[in-house]
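Colleague: I have a structure I would like to understand better, so I am pasting it below and will then ask my questions one at a time.
There are 2 protein chains.
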Amino acid sequence: MKPGRDTIEQRMRTFNAACARLGIKITHQRMEIFRAVISTEEHPDAETIHRWVKKRIPTISLDTVYRNLRLLAETDLIAIVGMSQENLRFDGNAHPHHHFVCVRCGMIRDFASNAPDSLQTPKTARVFGEPLSVHLEVKGICTGCRGDVRR
Amino acid sequence: MKPGRDTIEQRMRTFNAACARLGIKITHQRMEIFRAVISTEEHPDAETIHRWVKKRIPTISLDTVYRNLRLLAETDLIAIVGMSQENLRFDGNAHPHHHFVCVRCGMIRDFASNAPDSLQTPKTARVFGEPLSVHLEVKGICTGCRGDVRR
DNA sequence: TGGCACATAGGAATTATTCTTATGAAACCG
DNA sequence: CGGTTTCATAAGAATAATTCCTATGTGCCA
Numbered sequence: 001m002k003p004g005r006d007t008i009e010q011r012m013r014t015f016n017a018a019c020a021r022l023g024i025k026i027t028h029q030r031m032e033i034f035r036a037v038i039s040t041e042e043h044p045d046a047e048t049i050h051r052w053v054k055k056r057i058p059t060i061s062l063d064t065v066y067r068n069l070r071l072l073a074e075t076d077l078i079a080i081v082g083m084s085q086e087n088l089r090f091d092g093n094a095h096p097h098h099h100f101v102c103v104r105c106g107m108i109r110d111f112a113s114n115a116p117d118s119l120q121t122p123k124t125a126r127v128f129g130e131p132l133s134v135h136l137e138v139k140g141i142c143t144g145c146r147g148d149v150r151r
Numbered sequence: 152m153k154p155g156r157d158t159i160e161q162r163m164r165t166f167n168a169a170c171a172r173l174g175i176k177i178t179h180q181r182m183e184i185f186r187a188v189i190s191t192e193e194h195p196d197a198e199t200i201h202r203w204v205k206k207r208i209p210t211i212s213l214d215t216v217y218r219n220l221r222l223l224a225e226t227d228l229i230a231i232v233g234m235s236q237e238n239l240r241f242d243g244n245a246h247p248h249h250h251f252v253c254v255r256c257g258m259i260r261d262f263a264s265n266a267p268d269s270l271q272t273p274k275t276a277r278v279f280g281e282p283l284s285v286h287l288e289v290k291g292i293c294t295g296c297r298g299d300v301r302r
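Chains A and B, in that order, are what the protein sequence lines are. Going by this note's numbering, 18 is the number at position 18 of the first sequence; the sequence numbering is gapless. The number in this note's numbering is simply the position in the second sequence, starting from 1, with 151 added.
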């Protein structure tokens, strides 16, 4: 486990402040779950976090881990990697392309980049390995959903 | 349903050729599943594709749809949207960042873009709606897996 | 056209995630 | 301080997407 740009303790203080502001109780379980997520670069899954936290709270249930991860993600204290996790979805577009994803209705549409050069792999990514492809995901509100809101 | 840059019939011919080359049998079910995926912009899930194909082959099983979608994705005749669909994974990095994903071992690492301007939302994406965030996903082989291969 | 490897259908199994319900603890209020 | 309300948790049951199993069917090469 290794800290990011902020120290763990700094982020725990931010966490406490955010919970107070949002009216979320600061339980021992919740704190340890948050600490586990921010203390690693590994982007762990719920099962893995559960295993880690059990070392400190042996009786914690998997459901509590799931419940709190979801809560933390909803309040943007942590993030969920990748798509907003619906089912598998398939794409028959044979050409290289990117995706616009509506965060409200889940609509996905393809678009081509109009600046292909800008999609050279950033040098900062190359330290991790040999890149094969680069894909852009734009999240937003689609025109349909935006129209709904106006009404 | 609306064709992409190539016509449906062109792509069906490519499909037949690819199957022959790969030693995959061209069954009625397989063809209809492929046709369904390439005939839409909607990035459907397996259940939806099953519903569509049932109109032409009423007895087709959901498992056959899954099996063939997976086969087609493995041979790059179609693609799966988003991450290579393991479990939910969580990310405690509070700063905006992008992801390097190893396609072999699933390792995910954060990196910052060294060209933030290049991540202005492409104009081609704006026609679909109001963008909120842009995220880059670089897929590749991580140094660890690359080392394994050399041995 | 016969045989054989590959495909399919249908239902059962698996697995990640969420729900239910009863219990427990924190905060609130007089 | 004691009562009450509200939110959180644990444990196991339920749900739902995906995959596996196995018997039967079908495309394709010789």
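Quick reminder that beta carbons are idealized off the backbone N, C-alpha and C, glycines included. Just so we're clear, the structure is a prediction, and the values are computed from it rather than from any experiment.
Note down, in chain order, all residues in the region 272 to 290 of chain B with a beta-carbon under 7 Å from any beta-carbon belonging to chain A.
Modeller: Against chain A - using a Cβ distance shorter than 7 Å - the residues of the region 272 to 290 of chain B are Thr-272, Pro-273, Lys-274, Thr-275, Ala-276, Phe-279, Gly-280, Glu-281, Pro-282, Leu-283, Ser-284, Val-285, His-286, Leu-287, Glu-288, Val-289 and Lys-290.
Colleague: Quick check: the Cα distance between Pro-58/A and Thr-27/A, rounded to an integer number of angstroms?
Modeller: Here residue 58/A corresponds to residue number 58 of the first sequence, with the count starting at 1. Here residue 27/A corresponds to residue number 27 of the first sequence, with the count starting at 1. Their backbone Cα atoms lie some 15 Å apart in a straight line.
Colleague: For Asn-219/B, count the other beta carbons within 10 Å of its own beta carbon; 16 or more makes it buried, fewer makes it exposed. Which is it?
Modeller: On the second sequence, position 68 is the one that residue 219/B refers to. The residue in question, Asn-219/B, is buried, as its Cβ has 16 or more Cβ neighbours within 10 Å.
Colleague: Buried or exposed: where does Pro-273/B fall if 16 or more other Cβ atoms within 10 Å of its Cβ makes it buried?
Modeller: Along the second sequence, one-based indexing puts residue 273/B at 122. Flag for Pro-273/B reads buried.
Colleague: In three-state DSSP terms, what is Ile-80/A?
Modeller: As a position in the first sequence, residue 80/A is number 80, starting the count at 1. Three-state DSSP puts Ile-80/A in a strand.
Colleague: For the ligand HEM, is there any heavy atom lying closer than 6 Å to the beta carbon of Pro-122/A?
Modeller: Here there are no bound small molecules, and the ligand HEM is not part of this structure.
Colleague: Are the CB atoms of Ala-36/A and Leu-77/A within a distance shorter than 7 Å?
Modeller: If you number the first sequence from 1, residue 77/A lands on position 77. If you number the first sequence from 1, residue 36/A lands on position 36. Not a contact, by the Cβ cut-off of 7 Å.
Colleague: Hey, Ile-38/A and Arg-11/A: beta-carbon distance below 7 Å or not?
Modeller: In the first sequence, residue 38/A corresponds to position 38, counting from 1. In the first sequence, residue 11/A corresponds to position 11, counting from 1. In contact: Ile-38/A and Arg-11/A (Cβ atoms closer than 7 Å).
Colleague: Under 7 Å, Cβ to Cβ, is there at least one residue of chain A near Cys-256/B?
Modeller: Residue 256/B sits at position 105 when you count from the first residue of the second sequence. No - not a single Cβ of chain A is within 7 Å of the one on Cys-256/B.
Colleague: Cys-170/B by DSSP, collapsed to three states: which one?
Modeller: Residue numbering aside, residue 170/B sits at position 19 when the second sequence is read from its first letter. Helix, per DSSP.
Colleague: Of the residues that make up the region 238 to 249 of chain B, which ones have a beta carbon closer than 8 Å to any beta carbon in chain A?
Modeller: Residues Asn-238, Leu-239, Arg-240, Phe-241, Asp-242, Gly-243, Asn-244, Ala-245, His-246 and His-249.
Colleague: Three-state secondary structure (DSSP) at Arg-223/B?
Modeller: Position 72 of the second sequence, counted from the first residue, corresponds to residue 223/B. Here residue 223/B is Leu; the residue named in the question, Arg, does not match the sequence. Three-state result, Leu-223/B: helix.
Colleague: Taking only the alpha-carbon atoms, compute the straight-line gap between Arg-56/A and Val-232/B and give it to the nearest angstrom.
Modeller: Against the first sequence, residue 56/A aligns to sequence position 56. Against the second sequence, residue 232/B aligns to sequence position 81. Roughly 37 Å separates the two Cα atoms.
Colleague: Measuring only the C-alpha atoms, how far is Asp-117/A from Val-134/A?
Modeller: Taking the first sequence and counting its residues from 1, the one referred to as residue 117/A is at position 117. Taking the first sequence and counting its residues from 1, the one referred to as residue 134/A is at position 134. For Asp-117/A, the pLDDT reaches just 49, beneath the cut-off of 50, and the residue's location in the model is therefore unreliable, leaving the point undetermined.
Colleague: Got a sec? Which residues, its chain only, sit under 7 Å from His-95/A by beta carbon, not counting five neighbours each side?
Modeller: Residue 95/A sits at position 95 when you count from the first residue of the first sequence. Within the same chain, His-95/A has no close Cβ partners at all.
Colleague: What three-state label does DSSP hand His-43/A in the structure shown?
Modeller: In the first sequence, counting from the first residue as 1, residue 43/A sits at position 43. Residue state, collapsed to three classes: coil.
Colleague: Roughly how many whole angstroms lie between the Cα atoms of Thr-143/A and Phe-111/A?
Modeller: Residue numbering aside, residue 143/A sits at position 143 when the first sequence is read from its first letter. Residue numbering aside, residue 111/A sits at position 111 when the first sequence is read from its first letter. One C-alpha to the other measures close to 15 Å.
Colleague: Below 9 Å on C-beta distance, what does Asp-214/B contact in chain A?
Modeller: Within the second sequence, numbered from 1, the residue matching residue 214/B stands at position 63. The premise fails here: Asp-214/B is roughly 14 Å from chain A at the closest Cβ pair, so nothing lies under 9 Å.
Colleague: Tell me whether the beta-carbon of His-249/B lies closer than 7 Å to the beta-carbon of Leu-213/B.
Modeller: By one-based count along the second sequence, residue 249/B stands at place 98. By one-based count along the second sequence, residue 213/B stands at place 62. Contact flag unset, no.
Colleague: Do we get a CB-CB distance below 7 Å when we pair Pro-220/B with the residues of chain A?
Modeller: Position 69 of the second sequence, counted from the start, is the residue given in the question as residue 220/B. It should be pointed out that residue 220/B corresponds to Leu in this sequence rather than to Pro. Cβ-Cβ to chain A under 7 Å: yes for Leu-220/B.
Colleague: Per DSSP, which residues does Asp-261/B bridge with? Please list them.
Modeller: Within the second sequence, the letter at position 110 stands for residue 261/B. Bridge partners of Asp-261/B: His-250/B.
Colleague: Does the separation of the CB atoms of Ala-276/B and Val-138/A fall below 7 Å?
Modeller: In the second sequence, counting from the first residue as 1, residue 276/B sits at position 125. In the first sequence, counting from the first residue as 1, residue 138/A sits at position 138. Yes, the Cβ-Cβ distance between Ala-276/B and Val-138/A is below 7 Å.
Colleague: Can you give me, in chain order, the residues of the region 158 to 170 of chain B that have a beta carbon less than 9 Å from any beta carbon in chain A?
Modeller: Answer set for the region 158 to 170 of chain B: Arg-162 and Thr-165.
Colleague: Below 7 Å on C-beta distance, what does Arg-109/A contact in chain B?
Modeller: Walking along the first sequence from the start, residue 109/A turns up at place 109. Result: Glu-192 and Phe-279.
Colleague: Kindly indicate which three-state DSSP category Val-127/A falls into: helix, strand or coil?
Modeller: What you label residue 127/A is simply residue 127 of the first sequence in a count that begins at 1. If DSSP states are grouped into helix, strand and coil, Val-127/A belongs with coil.
Colleague: Write down the C-beta distance between Arg-89/A and His-194/B rounded to the nearest angstrom, noting that I regard them as a contact closer than 8 Å.
Modeller: Stepping through the first sequence from its first residue, residue 89/A is reached at position 89. Stepping through the second sequence from its first residue, residue 194/B is reached at position 43. That pair is a contact at about 5 Å.
Colleague: Would you mind stating whether Ile-141/A and Gly-280/B have Cβ atoms separated by less than 7 Å?
Modeller: By one-based count along the first sequence, residue 141/A stands at place 141. By one-based count along the second sequence, residue 280/B stands at place 129. Yes. Within cutoff.
Colleague: Quick one: give me the first and last residue of the alpha helix (DSSP H) that Ala-232/A is part of.
Modeller: Chain A is shown only over 1 to 151; residue 232/A falls outside these bounds and no answer can be derived.
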